[in-house]
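Please read the structure below before turning to the comments.
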Amino acid sequence: MTRSVKEVLLTKIEKTSESTLKEVLDFLLFLEAREAQKEELEISLLSEASLAEYWLTTEEDEAWQHL
């Protein structure tokens with residue numbers, strides 16, 4: 004039976020030094036942060052495109068012109 008990546012990692016973790024585990028944890032946290040950043044950017048871009056339909060109109064320009 005083929006072991007999953009998670010199972011292999013857990014086995015390796017048991018045999019790895021604490022200092023190496025700190026580096027591995029740091030890298031995993033970096034990957035999580037990078038993924039979260041990508042998701043935030045995608046959401047922002049989708050929101051911007053959606054809201055542009057309402058904001059970028061002549062009516063909106065006229066409404067805000069006197070402020």
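Each residue of the sequence shown is one higher than the one before, starting from 4 at the first, in my numbering. Every residue, glycine too, gets a C-beta built ideally from N, C-alpha and C.
query: Inter-residue CB distance, I16 and L28 (contact presumed, cutoff 8 Å); result: That pair is no contact at about 10 Å.
query: First through last residue of the alpha helix (DSSP H) which encompasses R6; result: Per DSSP, R6 belongs to no alpha helix (DSSP H) and is neither H nor E.
query: S53 - containing alpha helix (DSSP H), residue span; result: E21 to W58
query: W58 versus E21 - alpha carbon distance; result: 54 Å
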